[in-house]
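Here's the structure, in structure tokens; my notes come after.
2 protein chains.
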Amino acid sequence: MSLTIWLTGLPSAGKSTLASEVGKLLDKRGLDFEILDGDVMREYLTKDLGFSRLDRDNNVRRIGYVAQLLASHDVIAICPVISPYRQARAEVRQLHPPGRFLEVYIATALALCEERDVKGLYAKARSGEVANMTGIDDPYEVPEAPELTVDTGQRTIEECCDQIFALAMARLDSLATQRPPSQAGTP
Amino acid sequence: MSLTIWLTGLPSAGKSTLASEVGKLLDKRGLDFEILDGDVMREYLTKDLGFSRLDRDNNVRRIGYVAQLLASHDVIAICPVISPYRQARAEVRQLHPPGRFLEVYIATALALCEERDVKGLYAKARSGEVANMTGIDDPYEVPEAPELTVDTGQRTIEECCDQIFALAMARLDSLATQRPPSQAGTP
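Protein chains in written order, with the numbering used here: chain A, 1182 to 1368; chain L, 1182 to 1368.
Rendered as structure tokens:
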């Protein structure tokens, strides 16, 4: 039994980079993990989906379902997924046993994301070539109680990674030392 | 790295029962597994899909993708899925590294499946209440070269399970003792 590290944030916030770097840290520790990248998943699992609210939510739900499947075994699921809506993220949290879903908000400022514009989508959104761009003409609902917030504009990628890695390690430790609920309170 | 046991056959052929019983045998050996049941997956991963050829194939592809993800870690994926079309099954095989996809044809005769009619769907198909029922008014393409064929009309569930389990164990052993391809032929 493992856990899911869910990286939510605007396009170009640094989610995929962080996922990959956190993966390297886990690998060094000999921990098994899988990166379920929103963009990659769209090739396999969610090819049929567009960018309406319903489609975005279904994208999040499907990835969340696969994440909890992996996490229910010994695989840490790392999910860099925009996942703009609170409700869908909350649903994915509910799919997981208590404590096994870590919501990490990648709080990089829109201006910086737009400056990076890794896939050139912000430019296309500004010129009207692309519609439903999260942060421009599509909403992003900031997490209200994420387990962690990191800002790649304020800290280096390495520092952000260290924070995410430390959180995951602490949580795994704490889950491992918890007594099963049925035995709670017995001497 | 593990493998996928793909159980294909008509509705009521015994796929889910076999999946569950094979799971128990794996459990006794301390092997980690996950059952990706076609019907259960339709609740989570493939809720949007109907029973057209395209939808059935997408159902098979998505389950196959998740199966190979699990199998790429140390989880044996057991997939009881009608998966009526050869082409889609072949695509799922291709998603797996060589040797790590075991196609098991549950060859229970249509007459017996219809007699069992676990979900009452054959009756509904015969009365015209349900359309696109595999085996009645929708095709089932028999596997041409499955790794194993079992017939729950000719053998007990226990015997069929033993065959599937033995195949999986033999394959895991053989994969574990294979040299990595890059070293093949070196002394």
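Where a beta carbon is used, it is the ideal one built from N, C-alpha and C, also for glycine.
May I have the straight-line CA-CA distance separating residue i from residue j, to the nearest angstrom?
| i | j | result |
| --- | --- | --- |
| arginine 1267 of chain A | glycine 1280 of chain A | 18 Å |
| leucine 1329 of chain A | lysine 1196 of chain A | 13 Å |
| aspartate 1343 of chain A | valine 1331 of chain A | 10 Å |
| serine 1308 of chain A | proline 1265 of chain A | 22 Å |
| alanine 1326 of chain L | isoleucine 1287 of chain L | 13 Å |
| tyrosine 1225 of chain A | alanine 1292 of chain L | 36 Å |
| methionine 1222 of chain A | glutamine 1335 of chain L | 42 Å |
| glutamine 1249 of chain L | leucine 1184 of chain L | 7 Å |
| glutamine 1275 of chain L | arginine 1242 of chain L | 11 Å |
| alanine 1312 of chain A | isoleucine 1257 of chain A | 34 Å |
| tyrosine 1303 of chain A | aspartate 1255 of chain A | 38 Å |
| threonine 1333 of chain L | proline 1324 of chain L | 16 Å |
| isoleucine 1259 of chain A | glycine 1231 of chain L | 30 Å |
| aspartate 1229 of chain A | aspartate 1229 of chain L | 10 Å |
| leucine 1199 of chain L | glutamate 1322 of chain L | 20 Å |
Residue i versus chain A: which residues are under 8 Å apart at the beta carbon?
| i | result |
| --- | --- |
| tyrosine 1303 of chain L | Correct list: empty, because the minimum Cβ distance to chain A is about 30 Å. |
How would you list, in chain order, the residues of chain L whose beta-carbon sits under 8 Å from the beta-carbon of residue i?
| i | result |
| --- | --- |
| leucine 1206 of chain A | Near leucine 1206 of chain A there are no residues of chain L at all, since even the closest Cβ is about 18 Å away, more than 8 Å. |
| aspartate 1229 of chain A | Asp1229 and Asn1239 |
List, in chain order, every chain A residue whose beta-carbon is nearer than 7 Å to that of residue i.
| i | result |
| --- | --- |
| tyrosine 1246 of chain L | Tyr1225 and Leu1226 |
| arginine 1243 of chain L | Leu1226 |
| valine 1256 of chain L | His1254 |
| aspartate 1213 of chain L | His1254 |
| leucine 1184 of chain L | Neighbours of leucine 1184 of chain L on chain A: none; closest Cβ ~15 Å, over 7 Å. |
| leucine 1283 of chain L | Those within 7 Å of leucine 1283 of chain L in chain A number zero; the least Cβ separation is about 19 Å. |
How would you call residue i, buried or exposed, if buried means at least 16 neighbouring beta carbons within 10 angstroms?
| i | result |
| --- | --- |
| alanine 1194 of chain L | buried |
| threonine 1367 of chain L | Note on threonine 1367 of chain L: pLDDT 45, under 50, position unreliable in the model; the coordinate value appears next. When all chains shown are included, threonine 1367 of chain L counts as exposed. |
| leucine 1235 of chain A | exposed |
| glutamine 1359 of chain A | exposed |
| valine 1285 of chain L | buried |
| valine 1262 of chain A | buried |
| aspartate 1238 of chain L | buried |
| alanine 1271 of chain A | exposed |
| glycine 1219 of chain A | buried |
| serine 1355 of chain L | exposed |
| proline 1192 of chain L | buried |
Please determine whether the Cβ atom of residue i lies at a distance below 7 Å from any heavy atom of the ligand ADP.
| i | result |
| --- | --- |
| proline 1278 of chain L | With respect to the ligand ADP, the structure shown offers nothing to examine, as it has no ligands at all. |
Since residue i meets chain L, which of its residues come closer than 7 Å, beta carbon to beta carbon?
| i | result |
| --- | --- |
| leucine 1191 of chain A | Going along chain L, no residue has its Cβ under 7 Å from leucine 1191 of chain A, so there is no contact; the nearest lies around 27 Å. |
(request) Ignoring anything shorter than 3 residues or poking outside the segment 1272-1342 of chain A, list the beta strand (DSSP E) runs there in chain order. (result) Taking only runs of at least 3 residues, the beta strand (DSSP E) segments lying wholly in the segment 1272-1342 of chain A are 1282-1287 and 1329-1331.
(request) Could I get the ranges of all uninterrupted alpha helix (DSSP H) runs contained in the segment 1201-1272 of chain A, with 4 residues as the minimum, in chain order? (result) As far as the segment 1201-1272 of chain A is concerned, its whole alpha helix (DSSP H) runs of at least 4 residues are 1219-1225 and 1234-1252.
(message) Beta carbons nearer than 8 Å to chain A: which residues of the segment 1344-1363 of chain L have them?
(response) none
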